[in-house]
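Below is one structure, written out as structure tokens; comments come after it.
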Amino acid sequence: MDQTGEATSLNVLTYHRELLVSRLRSTQCILDNLLACGFLCEEDAEIVQQTVTRTDRVRKILELVQCKGEQACQYFMFIIYKVCDAYIDLQPWLKEINFNPSGAITVMEVVNTDPSEYHSH
1 MDQTGEATSL NVLTYHRELL VSRLRSTQCI LDNLLACGFL CEEDAEIVQQ TVTRTDRVRK
61 ILELVQCKGE QACQYFMFII YKVCDAYIDL QPWLKEINFN PSGAITVMEV VNTDPSEYHS
121 H
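Here it is in structure tokens:
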């Protein structure tokens, strides 16, 4: 646990949970990247994909990521940061929380697999 009183990524996700649930439009890209980097297993991904509504999928992803710990939480936010076109609504939020990924996270690959990239808004 962080003794300096600094907000951990895990705490930030807990605090901003409803904002993320309401603003996170696409979950597929996040799911793909969490799976590719080993933060989620196939079974986790299937559980999320079987969830009917988008908001419940976001809640499930947040729940899973938070169970995996601080690095998974930070990588979740790093995906939103890197795939800024797909998560344009959340870019001001990242600035507001002063998101600054650690070196261990910045070397991890993020691939934009968001299908809505190809649709006009």
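Heads up: the sequence shown runs through residues 1 to 121, numbered per UniProt numbering. Here a beta-carbon is modelled for each residue, glycine too, at the ideal position from N, C-alpha and C. Small disclaimer: the values here were computed from a predicted structure and weren't measured.
Can you grab the Cα-Cα spacing for the pair residue i / residue j, in whole Å?
i, j, result
"L13", "C41", "21 Å"
"K82", "V52", "27 Å"
"I47", "I30", "14 Å"
Which one of the options has the shortest CA to CA distance from residue i?
i, options, result
"C73", "P115, D114, A36, P101", "P101"
"D85", "L24, V58, K68", "L24"
"S22", "Y15, E63, R54", "R54"
"L94", "Q66, I79, L31, A104", "I79"
"Q71", "R57, R59, A104, N98", "A104"
Rounded C-beta distance between residue i and residue j? I'm assuming under 8 Å.
i, j, result
"N11", "V111", "In fact, because the Cβ distance is near 27 Å, the residues do not count as touching under 8 Å."
"D114", "Q28", "6 Å"
"M108", "S9", "About 14 Å; that fails the 8 Å criterion."
"C37", "Y75", "6 Å"
Does the distance from the C-beta atom of residue i to that of residue j stay below 8 Å?
i, j, result
"L64", "D44", "yes"
"L20", "V58", "yes"
Going residue by residue through the stretch 70–115, where are the continuous alpha helix (DSSP H) segments of at least 4 residues, counting only ones entirely within it? 70–82, 91–96, 103–106
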